[in-house]
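Enquirer: Chains as they are written, first to last, in the numbering used here: chain L, 1 to 114; chain X, 1 to 112. Heads up, the beta-carbon is just placed ideally off N, CA and C, and yes, glycines get one too. Below is a structure I'd like to ask you about.
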Amino acid sequence: AQSVTQPDARVTVSEGASLQLRCKYSYSGTPYLFWYVQYPRQGLQLLLKYYSGDPVVQGVNGFEAEFIKSNSSFHLRKASVHWSDSAVYFCAVSASSGSWQLIFGSGTQLTVMP
Amino acid sequence: EAAVTQSPRSKVAVTGGKVTLSCHQTNNHDYMYWYRQDTGHGLRLIHYSYVADSTEKGDIPDGYKASRPSQENFSLILELASLSQTAVYFCASSGDGYAEQFFGPGTRLTVL
Chain L
1 AQSVTQPDAR VTVSEGASLQ LRCKYSYSGT PYLFWYVQYP RQGLQLLLKY YSGDPVVQGV
61 NGFEAEFIKS NSSFHLRKAS VHWSDSAVYF CAVSASSGSW QLIFGSGTQL TVMP
Chain X
1 EAAVTQSPRS KVAVTGGKVT LSCHQTNNHD YMYWYRQDTG HGLRLIHYSY VADSTEKGDI
61 PDGYKASRPS QENFSLILEL ASLSQTAVYF CASSGDGYAE QFFGPGTRLT VL
């Protein structure tokens, strides 16, 4: 069965600093991987996705993530954060075959200090 | 642009009462989902559907029913609401079971 671990429940960074939010997944096959962002009192919005090919995927608003199969990781990165990036970030995984279900991590609350 | 709407956006219900949450999508997607989000937690799948007039159980279906009368509409029904069902509920749709999901704005349900 698939699972997703986001080890950092809360991350605080200063505006302009670089960012990495960690995500590790458990799945024996080839996963489909996603990062979603949730702003206060809103639904989830897709930041980026990985299906296959180049392991570094670009998303919206300068976010990117790298799929490292050997480490079962899909960490989210941004070179320079803005105060408006403050939100909750969810990593999710789905199987590429068989059971399709999308499994979410518990989320990381990002606070960007001005 | 893909759109998933939910109604109501918030609701207060009494214990033992019946609650119906509605979801409408204009994405022409076959798959629709209902998730529950509790404070400080990720999303957990309650029910899903991949075709009209058919629903499937997710990870936490107990206490919930679902209805998919058409491709566009998907409802979540709490026949006997309980305090433990206080949460935010999200509806989502996708083109297939592996594709990205598009989420609605959520319904905040409080059961008193």
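I need the boundaries of the beta strand (DSSP E) containing asparagine 73 of chain X, first residue and last residue.
Expert: Working through the second sequence from its first residue, we reach residue 73 of chain X at position 73. From DSSP, the beta strand (DSSP E) with asparagine 73 of chain X extends over 73–78.
Enquirer: Indicate the three-state DSSP secondary structure (helix, strand or coil) for leucine 83 of chain X in the structure shown.
Expert: Taking the second sequence and counting its residues from 1, one reaches residue 83 of chain X at position 83. In the structure shown, leucine 83 of chain X sits in a helix (DSSP, three-state: H, G or I).
Enquirer: Lysine 69 of chain L CB to nearest chain X CB: under 7 angstroms?
Expert: Within the first sequence, numbered from 1, the residue matching residue 69 of chain L stands at position 69. By this cut-off, lysine 69 of chain L is not an interface position.
Enquirer: Given phenylalanine 63 of chain L, which residues of its chain have a CB within under 8 angstroms of its CB, disregarding the five upstream and five downstream residues?
Expert: Position 63 of the first sequence, counted from the first residue, corresponds to residue 63 of chain L. For phenylalanine 63 of chain L, where only same-chain residues beyond five positions count, the Cβ hits under 8 angstroms are Trp35, Leu47, Leu48, Leu76, Arg77 and Lys78.
Enquirer: In the structure shown, what three-state DSSP assignment does valine 81 of chain L receive?
Expert: Indexing the first sequence from 1 puts residue 81 of chain L at position 81. Three-state DSSP puts valine 81 of chain L in coil, outside helix and strand.
Enquirer: Which of the residues in the region 40–56 of chain X, read from start to end, lie with their CB under 7 angstroms from any CB of chain L?
Expert: Those would be His41, Gly42, Leu43 and Leu45, in chain order.
Enquirer: Taking C-alpha atoms, which residue in X/Val111, X/His47, X/Asp62 and X/Glu79 lies nearest to cysteine 91 of chain X?
Expert: In the second sequence, residue 91 of chain X corresponds to position 91, counting from 1. Looking at the Cα atoms, X/His47 is the closest of the given residues.
Enquirer: Against chain X, with Cβ distances strictly below 7 angstroms, would leucine 76 of chain L count as a contact?
Expert: Working through the first sequence from its first residue, we reach residue 76 of chain L at position 76. False, the Cβ-Cβ gap to chain X never drops below 7 angstroms.
Enquirer: Using CA atoms only, rank isn't needed, just tell me which of X/Ala87, X/Ala3, X/Gly95 and X/Phe102 is closest to alanine 13 of chain X.
Expert: On the second sequence, position 13 is the one that residue 13 of chain X refers to. With distances taken between Cα atoms, alanine 13 of chain X lies closest to X/Ala87.
Enquirer: Report, in whole angstroms, the separation of the C-beta atoms of glycine 107 of chain L and valine 93 of chain L, which I expect to be a contact under 8 angstroms.
Expert: Counting from one through the first sequence, the residue named residue 107 of chain L turns up at place 107. Counting from one through the first sequence, the residue named residue 93 of chain L turns up at place 93. With 8 angstroms as the limit, glycine 107 of chain L and valine 93 of chain L do not qualify as a contact, their Cβ atoms being about 14 angstroms apart.
Enquirer: Taking all protein chains shown into account, do 16 or more other C-beta atoms lie within 10 angstroms of the C-beta of histidine 41 of chain X, making it buried, or fewer, making it exposed?
Expert: Residue numbering aside, residue 41 of chain X sits at position 41 when the second sequence is read from its first letter. Histidine 41 of chain X is exposed by the Cβ-count criterion.
Enquirer: Under a CB-based cut-off of 7 angstroms, is proline 105 of chain X close to chain C?
Expert: Judged by its chain identifiers, the structure shown contains no chain C, and its protein chains are L and X.
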